[in-house]
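In what follows, a single structure is set out as structure tokens and then discussed.
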Amino acid sequence: MSTESLSSTEKPVKFVSGITVRLVGDSGDGMQLLGQQLTNTSALLGNDVATFPDFPAEIRAPRGTRAGVSGFQVQFASHEVHTPGDTLDALVAMNPAALVTNLADLPKGGLLIVNEDSFEEKDLKLAKLNTSPLEDPSMENYRLIKVPMTRLTKEAVAEFGLGSKDADRCKNFFAMGLVYWLYGRNMDATLRFIHGKFGAGKSVIADANEKALRSGWAFGETIEALGHSYNVEAAKLTPGTYRNIMGNQALAWGLLAAAQRSGKEVFYASYPITPASDILHELARYKNFGVCTFQAEDEIAAVCAAIGAAYGGQMGVTTSSGPGIALKTEAMGLAIMLELPLLVIDVQRGGPSTGLPTKTEQADLLQVMFGRNGEAPLPVLAARSPGDCFEIVQEAWMLATQLMLPVVVLSDGYIANGAEPWLIPDVSKLSPIKIEHPQGNNNPNGPFKPYLRNELLARPWAIPGTPGLMHRVGGIEKEDGTGNISYDPENHQKMVNIRAQKVANAAKLLPPQQVLGPQSGELLVLSWGGTYGACLTAVQQAQEAGRSVALAHVRYLNPFPSNLGEIISRYEKVLIPELNMGQLRMLIRSRYLVDAVGYNKVKGKPFTVTELFEKICEMTKSAHRPNAVSTK
Amino acid sequence: MSTALNVLKADDFASDQDVRWCPGCGDYSILAQMKKVLPEIGIPPEQTVFISGIGCSSRFPYYVNTYGVHSIHGRAPAVATGLKLSRPDLSVWVITGDGDALSIGGNHFIHLLRRNVDLNIVLFNNRIYGLTKGQYSPTSVEGQITKSTPMGVVDHPLNPISIAIGAEATFIARSVDSNIKHLATVLKRAAAHRGTSFVEVYQNCNVFNDGAFSYAQDKATRDDTTIELEHGKPMIFGKNRDKGIRLNGLSLEVVDLADGKVKEDDLLFHDEQADPVLVYLLSRMRHPAFPEPIGVFRNVVHETFEEAVRGQIDQAVSQRGKGDLQKLFNSGDTWTVKA
Chain C
312 MSTESLSSTE KPVKFVSGIT VRLVGDSGDG MQLLGQQLTN TSALLGNDVA TFPDFPAEIR
372 APRGTRAGVS GFQVQFASHE VHTPGDTLDA LVAMNPAALV TNLADLPKGG LLIVNEDSFE
432 EKDLKLAKLN TSPLEDPSME NYRLIKVPMT RLTKEAVAEF GLGSKDADRC KNFFAMGLVY
492 WLYGRNMDAT LRFIHGKFGA GKSVIADANE KALRSGWAFG ETIEALGHSY NVEAAKLTPG
552 TYRNIMGNQA LAWGLLAAAQ RSGKEVFYAS YPITPASDIL HELARYKNFG VCTFQAEDEI
612 AAVCAAIGAA YGGQMGVTTS SGPGIALKTE AMGLAIMLEL PLLVIDVQRG GPSTGLPTKT
672 EQADLLQVMF GRNGEAPLPV LAARSPGDCF EIVQEAWMLA TQLMLPVVVL SDGYIANGAE
732 PWLIPDVSKL SPIKIEHPQG NNNPNGPFKP YLRNELLARP WAIPGTPGLM HRVGGIEKED
792 GTGNISYDPE NHQKMVNIRA QKVANAAKLL PPQQVLGPQS GELLVLSWGG TYGACLTAVQ
852 QAQEAGRSVA LAHVRYLNPF PSNLGEIISR YEKVLIPELN MGQLRMLIRS RYLVDAVGYN
912 KVKGKPFTVT ELFEKICEMT KSAHRPNAVS TK
Chain P
-7 MSTALNVLKA DDFASDQDVR WCPGCGDYSI LAQMKKVLPE IGIPPEQTVF ISGIGCSSRF
53 PYYVNTYGVH SIHGRAPAVA TGLKLSRPDL SVWVITGDGD ALSIGGNHFI HLLRRNVDLN
113 IVLFNNRIYG LTKGQYSPTS VEGQITKSTP MGVVDHPLNP ISIAIGAEAT FIARSVDSNI
173 KHLATVLKRA AAHRGTSFVE VYQNCNVFND GAFSYAQDKA TRDDTTIELE HGKPMIFGKN
233 RDKGIRLNGL SLEVVDLADG KVKEDDLLFH DEQADPVLVY LLSRMRHPAF PEPIGVFRNV
293 VHETFEEAVR GQIDQAVSQR GKGDLQKLFN SGDTWTVKA
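Chains as they are written, first to last, in our numbering: chain C, 312 to 943; chain P, -7 to 331.
This is the structure we're talking about:
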């Protein structure tokens, strides 16, 4: 079978500007893989893409049940997109449980493709259904395409002599082939993937999966129910070379870049936890970059090992999610006292306690701000998108080393597992992060003073192995300058003030807050973290609808950018949408005494653009035109 | 470089800080022996790091003029592991106590031992919480009256040596604070071992648990209540060296050598490379039924953790070449958007 025979369709092609597809099935059905392939292929075709993987915490929840449904939503478009899309153009459901738990998001007239072979009585029973949803009169609302995927796949791969189970496993590629035909997706990248993944030693599996993919494509071409296919042209992105990148991957790569820029090697210590573990997996692959990964016995050991490495002069990093950050709390306070550079990365998930391990939330902001004993501030930065994770960890490392303190980076499950096109940076143009380890004694009249400070109040990072600079650090309050144990009341006040001022000094090293839209007006939307895409899109839509609204997306949550208060004062109202019950709002209200309004949701899902757009419209007058002046 | 100038003395390791342990505390003796043996070990102060947790013993790093970290309760093994992994060139000591290592830090303690990180851990066992003023610890004996157990301790105590052999530590030893010659020898042997060296030191807290180890400390009794382990030698003890330890099935027993019925050859010969089962049996020898062994229980050589970890890094570099960021970023599927 040649690629040429399937590379173009005989049927008419309808060009559209964007498509949102959700693929849903059992958690063992390979929906995540299917979604990643569709994303990658669309990105390679030059579309802008945004994704939303949504899967259960259980590895294999009972088959066919509603609890076991795993989904992957992707929007690909010929224009910039910042969210995976509010409403679906197409829903592909591999079983009844997947269908009934997702149908609400498919609007009337939407395309619904189902594997009709999995709507037998036993399947309905597993989904707790008495009658088949396919027989329901409401199905008339959708363009329902019933495909006997299981049977067709088995027939297609019969020639390879696979067992029944292995043959059945190929059906996700059959579904993929059909989707690829429908949206004019080129199969080359996925074929490369199939042969790369299954090629070695078991090429029959690879061949069978290829056959299933091609059969799905041919099925689309053949059946009369699908009169035409769609296509989405390339988006006009900034010129350059792109690749698709996921948040946790970008974060790992950002750490590699930060290490190279500062002439350090990454010492990465962590304990497995969803949704941060992929950072460990990713970094463990890059030992040839000098990366040392240490899977510690627990969260506390992980952060403490990173502190040990920092004392030794290396780039100490630990990552976790909310429950693990809670355990690291005391050690983070130690790093504040030792005044050592350290990165603590929190990939947030639904809480409290174990909460919703695989679902997204932004509810750890106050934990990382205040969750330590004593007066223990530290800088907090938040990534806004998968690609931004690459940038933000480098900024965090710059702060940590220039100020000698631990820095927290917030990501979340949505960013961690989401993907977007990433403009590949020119590594030769990455600027160095300057780090000095003193070689000589800074005290002509006695022993080395480990807490003698520079103009930013940072202490010298003297490391073991340096003759003459032996010194002891510890969690007990220290005398400024000498670092000796001190219980002196005046000294304690002074040290608390210094540690706070060091954090405040971070604002001097960071860019000022930018505003998108009018520089003054009726409403300012203040957003942070992974809700950037939805907030940006909603604000842009509201601006187009004539509302007086601007967006300030805050990447630096502690300290706030020095111009933030002044920006806030130029708007009549402030709206702070958050996937928590109002944590940034609490900080903004207390800091700037502004009556900010919240839009809050904790359902384990990202915001839809529509709900934010409606909230913005509710808070603004329709007659307003946006001010002429606007900056990016 | 003149070697004559580089001969290290105890003073080279003395810091300028006032030592703030209670007068008469056993910690002074351990500090003195450490300062005595450090120059003999010959590693310069700038290459040496002491890491401690929380407790009386954990103030130790302030009193030696090396690099040091006084960390948080129970976590010194984790801090030390991170330091040693990233800086294998350094000589690292962990100073801890019975509460620090076996209660709040129990998890880190066993994982340090099983990984065999090349560092030395000295556990000051005084069977009490001293710094918090007298609560019972995981090594306090059953029935012990303390501030938190006015009617006596009901917990069964942990045996540090048994825990260490359970975690398959490669070097396990015990000494006594007042037995300064023995202590110095054990510390030196610990330092010489490649891998995790674990040393339990019986240490008297004269304020909150005075005399807990007097049987092992007093010159009058210690020859009968302790037995010095010597590699390759029969296990003989007693002021008159007239008692021995014999293996009987899966148990140890005290035998009398005086009447000549039992010969030296019938005794258990100490073997530092013996099966862990035997080390475990030795760890169970408790006063007063048995003399308590002091010296080196076990000394075997395994690959160290940092050798294995750094070895994989070196292997990755030699197999795949030094990592190239630009190549990594451009790997896999990419596409170009033209201007």
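Ideal Cβ placement from N, Cα and C applies to all residues, glycine included.
Note that this is a predicted model, so its numbers are computed, not measured.
Say whether chain P places a C-beta atom closer than 8 Å to the C-beta of residue i.
i	result
Thr552/C	yes
Ser728/C	First, the residue type needs correcting, since residue 728/C is Asn and not Ser in the sequence shown. False, the Cβ-Cβ gap to chain P never drops below 8 Å.
Gly724/C	no
Met498/C	no
Gly751/C	no
Trp564/C	yes
Arg683/C	no
Leu567/C	yes
Could you tell me whether the Cβ of residue i comes closer than 8 Å to any Cβ of chain C?
i	result
Gln39/P	yes
Trp327/P	yes
Ser95/P	no
His100/P	yes
Lys330/P	yes
Lys314/P	yes
Tyr59/P	yes
Thr73/P	yes
Pro31/P	no
Val11/P	no
In the DSSP assignment, find the beta strand (DSSP E) that holds residue i and state where it starts and stops.
i	result
Trp839/C	That residue, Trp839/C, is in no beta strand (DSSP E); it is neither H nor E in DSSP.
Thr73/P	Looking at the DSSP string, Thr73/P is not in any beta strand (DSSP E); the run it does join, the alpha helix (DSSP H), is Ala68 to Ser78.
Arg290/P	Glu284 to Asn291
Val86/P	Ser83 to Gly89
Glu877/C	It is not in any beta strand (DSSP E) - Glu877/C instead sits in the alpha helix (DSSP H) that spans Leu875 to Ile879.
Thr533/C	Element bounds for Thr533/C: not the beta strand (DSSP E) but the alpha helix (DSSP H), Ser514 to Thr533.
His62/P	Tyr59 to His62
Met557/C	Gly551 to Met557
Glu889/C	Tyr882 to Glu889
Locate the alpha helix (DSSP H) running through residue i, then write down its first and last residues.
i	result
Cys928/C	Val920 to Met930
Met897/C	Gln894 to Tyr903
Thr352/C	Met342 to Leu355
Tyr622/C	Glu610 to Tyr622
In angstroms with no decimal places, state the Cα-to-Cα distance between residue i and residue j.
i	j	result
Val324/C	Glu925/C	34 Å
Ala986/C	Gln894/C	Nothing in the structure corresponds to residue 986/C, since chain C is present only between 312 and 943.
Val691/C	Tyr579/C	19 Å
Phe326/C	Lys330/P	21 Å
Ile735/C	Ser696/C	15 Å
Lys255/P	Leu249/P	7 Å
Pro823/C	Pro870/C	11 Å
Glu966/C	Glu650/C	This structure cannot speak to residue 966/C, because chain C is shown only from 312 to 943.
Cys197/P	Ala176/P	20 Å
Asp479/C	Ser389/C	35 Å
Roughly how far, in whole angstroms, is the beta-carbon of residue i from the beta-carbon of residue j, given that I think they are within contact range, below 8 Å?
i	j	result
Phe101/P	Pro53/P	That belief does not hold up - the Cβ atoms of Phe101/P and Pro53/P are roughly 18 Å apart, past 8 Å.
Val679/C	Ile636/C	7 Å
Ala707/C	Val720/C	5 Å
Val703/C	Leu653/C	Here residue 703/C is Ile; the residue named in the question, Val, does not match the sequence. About 16 Å separates the two Cβ atoms, so there is no contact after all.
Gln606/C	Lys575/C	Not a contact, Cβ separation roughly 21 Å.
Ala693/C	Gly840/C	4 Å
Ile164/P	Arg278/P	About 16 Å separates the two Cβ atoms, so there is no contact after all.
Thr362/C	Gly729/C	5 Å
Where does residue i land, buried or exposed, given buried means 16+ other C-beta within 10 angstroms?
i	result
Asn358/C	buried
Asp397/C	buried
Ala998/C	The requested residue 998/C does not occur in the structure, where chain C is confined to residues 312 to 943.
Pro15/P	exposed
Leu334/P	Given that chain P is displayed from residue -7 to residue 331, the structure contains no residue 334/P and the question cannot be resolved.
His393/C	buried
Pro888/C	buried
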